[in-house]
Each structure stands twice: as C-alpha cells, then as structure tokens.
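Student:
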Amino acid sequence: MERLDHHGNEVDELATALSLLRVVQHDVSSMVDGAITDAPPTPDQVRTYFLALAVEVFELMNEFPAWKPWKQPKEVNKDKLIDEFADILAFIGVILNYIHELGITAVELAQGYVKKTNTNVSRFNGNVDGYRVRQTRND
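The working numbering numbers the first residue of the sequence shown as 2 and each following residue consecutively.
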C-alpha cells in the first residue's frame, strides 16, 4: 500500500465528509433535548454519547456472521448491518460536534487520520523500531 498524500485530495475529501456528517447530525440531534446545545457538552453528555457509540459498534459486530467461532455462521442481514453502521455514523456525528466545540476542525481531524495511517503503514512495513511485522496477504 502506498502512503497517503498529506496534501492531496484524501484530506480534502475526508474533511468534507466529516463536516457534512457533523452538520447533518447537528440538525438531527438538535431535535433531541440536551443532545446538542450552544454550550460545551457536559461530562455526562460526553460519557453518554461515547457509551452509545460503543454499544452500536458491538451491535454492528453482532451482524457479522462468523465473529463467534463457536456458533454456526448466520446469513448476513444486509439491511440490519447497514442500519447498525448508520447508528455508528450518527453517534460519530454527535461526537464530531463536541470536537468542533473544542475548536478542532474537520481538516485537522482528516490530517490527523492521514498522518496516523502513514505511521501505521510504516509500522506494518517494518520501518518503525519496536513493532513486530507480520506477513500480509500480499507477501
């Protein structure tokens, strides 16, 4: 895998998508009392929405047919899987609004993602001391 370009379209496209998700979820969540306010989020709000995100991640995991090796694999329920993923995006959208309140932009988040991805690629390629390199499927 080639490293992502720190200044290329990846950052712009990801930042645009994150911004759109934040704005859409702001509009939706503003209909729920206390979800999105003009004030910085309270610790209880932050805990609630991070916990809700974690629950949705586990619900999505349950839709993968073979994650429990001790059970017979089930058929993928595509609609349910998509629905659970949409729930994850919704809670990420709320959290993006909280991050926005801290003064961190979608561009900064996208740049951080690209930087971390490049670091991970370097690790996977054995270019960072202290990381065990596994053989990949492409090797």
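Where a beta carbon is used, it is the ideal one built from N, C-alpha and C, also for glycine.
State the CB to CB distance for the pair E64 and D88, rounded to an integer number of angstroms; the pair is presumed to be in contact (CB under 8 angstroms).
Tutor: In the sequence shown, residue 64 corresponds to position 63, counting from 1. In the sequence shown, residue 88 corresponds to position 87, counting from 1. Not quite, the Cβ-Cβ distance comes to about 11 angstroms (not below 8 angstroms), so this is no contact.
Student: Drop a sphere of 10 angstroms on the beta-carbon of G131, count the other beta-carbons inside from all chains shown, and report buried for 16 or more, exposed for fewer.
Tutor: For this step, residue 131 is matched to residue 130 along the sequence shown. The residue in question, G131, is exposed, as its Cβ has fewer than 16 Cβ neighbours within 10 Å.
Student: How big is the Cα-Cα spacing for L54 and F92?
Tutor: To locate residue 54, count along the sequence shown from 1; it is residue 53. To locate residue 92, count along the sequence shown from 1; it is residue 91. So the alpha carbons of these two residues sit roughly 6 angstroms apart.
Student: Where does M32 sit, in a helix, a strand or coil, going by DSSP?
Tutor: Position 31 of the sequence shown, counting from 1, holds the residue named residue 32. Looking at M32 - three-state DSSP - the assignment turns out to be coil, as it is neither helix nor strand.
Student: If you draw a straight line from the alpha carbon of Q73 to that of A67, how long is it in whole angstroms?
Tutor: As a first step, residue 73 must be located in the sequence shown, where it is residue number 72. As a first step, residue 67 must be located in the sequence shown, where it is residue number 66. The alpha-carbon atoms of Q73 and A67 are separated by roughly 8 angstroms.
Student: Return the CA-CA distance between K117 and M32, expressed in angstroms with no decimal places.
Tutor: Walking along the sequence shown from the start, residue 117 turns up at place 116. Walking along the sequence shown from the start, residue 32 turns up at place 31. Their Cα atoms are separated by approximately 35 angstroms.
Student: Rounded to the nearest angstrom, what separates L90 and G127 at their Cα positions?
Tutor: Translated into positions along the sequence shown, residue 90 becomes position 89. Translated into positions along the sequence shown, residue 127 becomes position 126. Their Cα atoms are separated by approximately 33 angstroms.
Student: Could you tell me whether the Cβ atoms of I18 and V108 are closer together than 7 angstroms?
Tutor: On the sequence shown, residue 18 is found 17 positions in, with the first residue counted as 1. On the sequence shown, residue 108 is found 107 positions in, with the first residue counted as 1. Ile is not the amino acid found at residue 18; the sequence shown has Ala there. The answer is no: Cβ separation not under 7 angstroms.
Student: For Y99 versus P42, is the C-beta distance shorter than 7 angstroms?
Tutor: In the sequence shown, counting from the first residue as 1, residue 99 sits at position 98. In the sequence shown, counting from the first residue as 1, residue 42 sits at position 41. Yes, they are a contact pair.
Student: Looking only at its own chain, which residues have a Cβ that is under 7 angstroms from the Cβ of K75, when we skip the five neighbours before and after it?
Tutor: Taking the sequence shown and counting its residues from 1, one reaches residue 75 at position 74. Cβ neighbours of K75 beyond the five flanking positions: P66.
Student: Would you tell me roughly how many angstroms separate the C-alpha atoms of V29 and E14, rounded to the nearest one?
Tutor: One-based indexing of the sequence shown puts residue 29 at position 28. One-based indexing of the sequence shown puts residue 14 at position 13. Using only the alpha carbons, I get a separation of about 23 angstroms.
Student: Can you tell me which of the three DSSP states K81 falls into?
Tutor: Here residue 81 refers to the residue found at position 80 of the sequence shown. Three-state result, K81: helix.
Student: Hey, could you find the ends of the alpha helix (DSSP H) L61 is sitting in?
Tutor: Against the sequence shown, residue 61 aligns to sequence position 60. Taken as a continuous stretch (DSSP letters only), the alpha helix (DSSP H) holding L61 covers P44 to N63.
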